[in-house]
Amino acid sequence: MLHAILDQISKSEKPIIKIIFRNDDTRVVAFGLKKGLKLIDHQLPVNAKILMLKGEIEIDSKIEIVNLKEFDEYILPPKVIHQVTSLQDSMMLVILNFNEKSF
């Protein structure tokens, strides 16, 4: 599945989003973003760990701006409004934790 996302990134004008795993407590979502693509302001209801697999993105949470490159990880707290800009063709895993405990 991840190879298929990599193959589609450069051709897609929209984010490529695939759920890799889901249970009651956790969801793992793979994202593929073409260079220059922006995910406008949004927020997540739970803690999210972002694991970069390829490329580079910028996360602007209005509190801080963070650049993530290949193999970087970042924890985004719940309900933080943020936008994501892909600085290169990028692929990441986002792990959503629906359990009260943090990562």
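Residue numbers (the working numbering): 1045 to 1147.
All C-beta atoms in this analysis are idealised placements derived from N, C-alpha and C, irrespective of residue type, glycine included.
Per the DSSP calculation, V1138 is bridged to which residue(s)? V1073 and I1094
Taking 8 angstroms as the cut-off, decide whether the C-beta atoms of M1135 and L1097 are in contact. yes
P1059 and L1077: beta carbons closer than 8 angstroms? yes
Whole angstroms is fine: what's the gap from D1069's alpha carbon to S1056's? 31 angstroms
Bridge partner(s) assigned by DSSP for I1060: G1076
Taking the CB atoms as reference points, tell me whether V1128 and Y1118 lie closer together than 8 angstroms. no
Just how far apart, CA to CA, sit R1071 and L1120? 15 angstroms
Under 8 angstroms, do S1105 and I1125 count as touching if we go by C-beta distance? yes
Can you list, in chain order, the residues of its chain whose CB lies under 6 angstroms from that of I1103, leaving out five sequence neighbours each side? V1110, H1126 and V1128
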